[in-house]
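Top to bottom, those sequences are chains G and F. The working numbering numbers the first residue of the first sequence as 1 and each following residue consecutively. The working numbering numbers the first residue of the second sequence as 1001 and each following residue consecutively.
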Amino acid sequence: MSGKEEDITLKLTSNEREVLSRMDGKELLSSLVSSTGLKQVEVMRAIQWLGNKGLVESKKVENERYVLGKNGKKALKKGLPEKRLLGKLGRKVSIKDIQSNPSNFDIDKDELNFAIGALRRKQAIEMDSEGINVTSKGKELLEKGFDEEDALNQIHKGKKPDKKILNGLMRRKDFVELEKEKDREVWLTALGKKVKGRLSKIKTLERLTPELIKKGGWRGKKFRHYDIRAVVPKINAGRKHFVTETIEYVRKIWIELGFKEMSGNIVQNAFWDMDALFVPQDHPAREMQDTFYVEGKRDVPSRLFKEVSNVHKNGGKTGSKGWGMALDKDISEGLLLRTHSTVLSAITLSQLSEKDIPGKYFTVSKVFRNETLDWKHLFEFYQVEGIVVAEEANFSYLKGFLSQFYEKMGYDKIRIKPAYFPYTEPSVEVLVYSKEKKDWIELGGAGIFRPEVTVPLLGREVPVLAWGLGLGRIMIPYFGFEDLRDLYRNDIEVLRRIKKFMRV
Amino acid sequence: MPSVEIEKEQLYGLIGERIKEDKLAELLGSLGVELESSSTKEFVIEVFPNRPDFLSAYGIARGLRYLIGKDRKIKQYRVADDKGYRVIVDKSVKDVRPYTACCIAKGLKLDDAKIKELIRIQEKLHITFGRKRKKMAIGIYPLEHIKLPISFKADKPENIRFRPLESTREMNGKELLKKHPAGKEYGYLLEGKKRFPYFEDADGNVLSIPPIVNSHDTGKINENTKEVFIECSGFDIEYLKRGLNIISCALLDMGAKIYPMELRYDDFKIKTPSLEEEGMDIDEDYVFRIIGKKVDIAKALLHMGIRYEKGIAYIPPYRADILHPIDIVEDVAIGYGYDNVPSKMPSIYTKGEEDKKIAFLNKVGEVLVGAGFIEVKSFSLISNEDAKRFGLKAVKILNPSNKDYNVLRPSLIPCIMKVFYNNKSREFPQRIFEIGKVFPSEEARLCIGISSRDADFTRIKQVLQLLQEQLDRKFDVEELSKDYFIEGRAGKVMDGKEEIGEIGELHPSLIEHYELEMPVVLMEMKVKKTSNNKTNITKKGKTFI
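Structure follows, in structure tokens:
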């Protein structure tokens, strides 16, 4: 036996073996189902696998089969209506007589006209003014029997009767029907014949069971070889949300770079979210269409409020001109959903003492904008925030930190360009070069906090590098989405299967 | 961000050079504006709100000429000799619109393009710098119909009569607010005021009611206009002076002469505009320290159109954004080129540290992932209906833009149910969890849901037990009756004496509501790092936290 045949034989599943062993010349799928006792889908699959191994070939066939209809079955059982009528026509009767009492003539009323017509065509009867006569041919017919009845019998047995008679029967209502049946014709290839011949010589074990191990039943036997390339059913494993995985990746980067994590409330008052960051109280970003406001108020820290208010009014101790507008406490106390994570930086700065400088802080947290939800806008999204508080902090270091971060996020090239935020000066827009898009993409804002921000919060002017970066524009192309909403659709199938965020 | 549309030919003409579009985009970027789009005839340029002087073709061209070194000397903007023009400000305006800053421009050769430009500057400044006319409104009037001196007064609206722009008839101030389109749009700025402000000439003709609309007879400029009166009105004289400077400089660039006007207030008088550059002392070390490099300040600032001599930066009159020397530092950095600033890392040591609460929540997530659960992430905003369905009161968003998201979630249960609803056609069993904040407490909660043929109380309580083991906690469950749980199959989760959550089989009426066909069991609980229970069941196998 050649190695190939043995190899194939070892790989046969028990169903394949079963089907193969029943093969002899040309077989129909339907007959293999009955001969193997397997389910149709099992036989089908076995034929497919055997085909893949080159042991069988098969083709689709359409079987035509004649079967008896309702009236055909009745005629087979009781005889053709014209035969039954002929048998009752001993004496001369008029059509009227038969019509008025059909049961006497062993016939249904609706069969009558057809039966008379059929008998006349066969010249078994003659009609005159007095009634119906049975001819000699008719008597002969009664003795010999009707060809149509033979045909019905043949159809019943699954055989095909004489074509002319069959056509006649087909024209009669509910006598014979043509059924089309899809099936598959299967035959052995030369290789298949060889393998079949060896089936009995190579027996294989299926699963290795505890019983086989215990009793040593595996000794001296061969195990069936699996098709190790076959695709197997999927595992539904537990999984963190891919956005969470991305965030954890980002958090790790900042922790590695020596940053301490900040956390804090989502609902903030305007003082911390805007005023403390030198956003004037009439700034367009504060308008209803940009910021979500919630009911209620929250107290502002009184000493700091006064200082920040002075800075807005005339610069206070900062040497700035200010906005020419003191703070309106009502506006400052109003609650909103934080519009940027920079609010956490402001709060953190206000809590630092001299021993905390130098310090580096970060957060990845949710922020809110009053946007209409569409493919490129979410009203709630994550921002990557960082601050570096140090006497020696400068613009070059800002570029350095941003480069380090984005390098770890998979972007080798970054650029900054001028931008404007009320709380930073210089202000920059951060761009990275996307290899996928072959273009620069804007990922967020950064800068150095203005003295108007740092002096009230820290008590003196210390340079504070700051950034608020987006994750959406990194995640969308990475995960192959086109719509920002896809990040939060919570389609369980996607959550189960989507790749992890990895930039190694 | 505001944007301006500028005709390409006009811009190239003003720059005095045709610049390739990709190069132009690059240059505009380094100027701090952005080329948003480009059609065959026009550029659309986005301008940051701190640079209203860039809201015109003249402003952009001015910036570009300095940047590319076309202008190597700083242009001095000067007013013409004082001709004794006056505006008398009556004290009656104090309560409505107390201040104005004005000037007269002559020698204008207004063609269509220039009229368009002037109106565009006015409109753009209204929207941005003027905060939709609230903070500053600008009026421009042809001088030929006006008899000087001009007065700025306030009176009862019904006493102020004039024919507003593009109107066929005279109206008084009251009618103006109701009937004129500008009155309808900006009327709210005067609503409730007993007196309306207005400008009037020496003949008693009303010129305008600011910030609403000009008179049709004395306040409409056309191509024959050669001299104009310009006023800015508002609440902060310093702010108005800055606004007036931006317009004056644009007019000077257009070839006009600007004549100052004396504004006679009740208790003081000033002359506007003053186009003198303001000197700002600059500490060079401060600049170098912030940028992180010694640079040639004078050279960098020249590219930004700022003269720098002997430690003083002379701020051009159109720059309304320089509040502090730090703003000059930024201009130095931009003029030097952001790309030219080296990228460096400091050597100072700081300790990296994750937030302990967040770290704990991540551990909780790990326990659930290990148990085969999928994490979902929902928005913090839900619909009030969803909150009410579970008998919850929620903090309302005052200005929601979508009724599906009009309250802050008081619980994660509605979020989890929405996920089940959206995943009806997905494979079962579905085992999901979410960790997130609820409001107003902002406490972190964990919500777990199982939807499957065999989802029952046992399945969900198994998870609670697993958490108990791996988090080294002791939780108790006490009976609970809630409409949305099946009676007798729901409990309170207790951490010592504190109720921290609930657990149970969802009532079929809710399953039906969410159009689900499988049973659902839920558990929601507060997750915090510290436990109330002193007798934790410390044992082998817990998570290292």
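Virtual Cβ for every residue (Gly too), placed ideally from N, Cα, C. In this text, all values refer to a predicted model and were calculated from it rather than measured experimentally.
Practice prompt. Flag this pair as yes or no: are the beta carbons of F/E1515 and F/Y1421 separated by less than 8 Å?
Written response: yes
Worksheet entry | Start-end ranges of the beta strand (DSSP E) lying completely within the segment 1162–1202 of chain F, minimum 3 residues | 1196–1200
Worksheet item: From G/E371 to F/I1413, what does the alpha carbon distance come to, in whole angstroms?
Response: 25 Å
Worksheet entry | Host alpha helix (DSSP H) of G/E111 (start-end) | 109–121
Worksheet item: What is the DSSP secondary structure of G/W375, reduced to helix, strand or coil?
Response: coil
Worksheet item: Quick one, which of F/V1228, F/I1246, F/K1091, F/V1093 has its alpha-carbon nearest F/G1130's?
Response: Looking at the Cα atoms, F/I1246 is the closest of the given residues.
Item to complete: Within the same chain, show all residues whose beta-carbon is closer than 7 Å to that of G/V364, passing over the 5 residues directly before and after it, in chain order.
Response: I247, V250, R251, Y382, V384
Practice prompt. Inspect the beta-carbon positions of F/F1485 and F/G1501 and report whether they are closer than 8 Å.
Written response: no
Worksheet item: Using a Cβ-Cβ cut-off of 8 Å (strictly less than) and excluding sequence neighbours within five positions of F/S1401, which residues of its own chain qualify?
Response: none
Item to complete: Could you please give me the residues that DSSP links to F/M1136 through a beta bridge?
Response: Beta-bridge annotation (DSSP): F/M1136 is paired with F/G1234.
Worksheet entry | G/F278 versus G/Y433: straight-line alpha-carbon distance, rounded | 32 Å
Discussion item. On the DSSP letters alone, give me the boundaries of the beta strand (DSSP E) that G/T424 sits inside.
Written reply: Unbroken beta strand (DSSP E) run through G/T424: 424–434.
Worksheet item: At a cut of 8 Å, does the segment 113–128 of chain G reach the segment 74–94 of chain G through at least three beta carbon pairs?
Response: yes
Discussion item. Considering only their Cβ atoms, is the gap separating F/I1374 from F/V1407 smaller than 8 Å?
Written reply: no
Item to complete: Within the same chain, show all residues whose beta-carbon is closer than 7 Å to that of F/K1124, passing over the 5 residues directly before and after it, in chain order.
Response: Shown here for F/K1124: same chain residues with a beta carbon closer than 7 Å to its own, the five before and five after excluded, namely P1002, V1004, L1055 in chain order.
Worksheet item: Cα separation between F/P1052 and F/K1393?
Response: 46 Å
Worksheet item: Could you check where the alpha helix (DSSP H) with F/D1022 kicks off and where it finishes?
Response: 1021–1031
Discussion item. Below 8 Å on C-beta distance, what does G/G470 contact in chain F?
Written reply: Result: empty, since nearest Cβ-Cβ is about 16 Å, beyond 8 Å.
Item to complete: Taking the CB atoms as reference points, tell me whether F/V1520 and F/I1511 lie closer together than 8 Å.
Response: Using a Cβ distance threshold of 8 Å, F/V1520 and F/I1511 count as a contacting pair.
Fill in: Reference G/A346, options G/I228, G/F271, G/D183, G/Y66, closest by Cα
Here the closest residue by C-alpha is G/F271.
Practice prompt. To the nearest angstrom, report how far apart G/L169 and G/N63 are at their CA atoms.
Written response: 20 Å
Worksheet item: Terminal residues of the continuous beta strand (DSSP E) containing F/L1398?
Response: Note, F/L1398: premise wrong, no beta strand (DSSP E); not H, not E.
Worksheet item: So what's G/M1 in DSSP terms, helix, strand or just coil?
Response: Residue confidence for G/M1 is low, a pLDDT of 49 falling below 50, so the modelled location carries little weight; the figure read from the coordinates is stated next. Coil.
Worksheet item: Secondary structure at F/F1268, three-state DSSP: helix, strand or coil?
Response: coil
Discussion item. Less than 7 Å separating the Cβ of G/A326 from some heavy atom of the ligand MN?
Written reply: The ligand MN is not among the ligands present in this structure, which contains no ligands whatsoever.
Worksheet item: At what residues does the beta strand (DSSP E) containing F/A1455 begin and finish?
Response: Run containing F/A1455: none; DSSP gives neither H nor E here.
Worksheet entry | Beta-bridge partners of G/M475, as assigned by DSSP | Bridge partners of G/M475: none, in fact.
Discussion item. Between F/R1199 and F/E1231, how many whole angstroms is the CB-CB distance? I'm expecting something under 8 Å.
Written reply: Looking at the sequence shown, residue 1199 of chain F is not Arg but Phe. Indeed they touch by this definition, with Cβ atoms about 6 Å apart.
Worksheet item: What are the boundary residues of the beta strand (DSSP E) that F/K1106 is part of?
Response: Per DSSP, the continuous beta strand (DSSP E) segment holding F/K1106 begins and ends at 1099–1106.
Worksheet item: So with Cβ pairs under 8 Å, would you call G/T342 a contact of chain F?
Response: no
Worksheet entry | Of the listed residues G/E140, G/A419, G/G79, nearest to F/P1049 (C-alpha basis) | G/A419
Worksheet entry | Helix, strand or coil at G/Q383 [DSSP, three-state] | strand
Fill in: Between the CA atoms of G/L495 and F/L1368 - distance to the nearest angstrom
Each residue's Cα considered, the two are about 15 Å apart.
Discussion item. Quick check on G/W254: does DSSP put it in helix, strand or coil?
Written reply: In the three-state DSSP reduction, G/W254 falls in the helix class (H, G or I).
Worksheet item: Between the segment 1176–1188 of chain F and chain G, which residues of the former have a C-beta closer than 7 Å to a C-beta of the latter?
Response: none
Worksheet entry | Short Cβ contact (8 Å threshold) for F/I1045 with F/I1060 | yes
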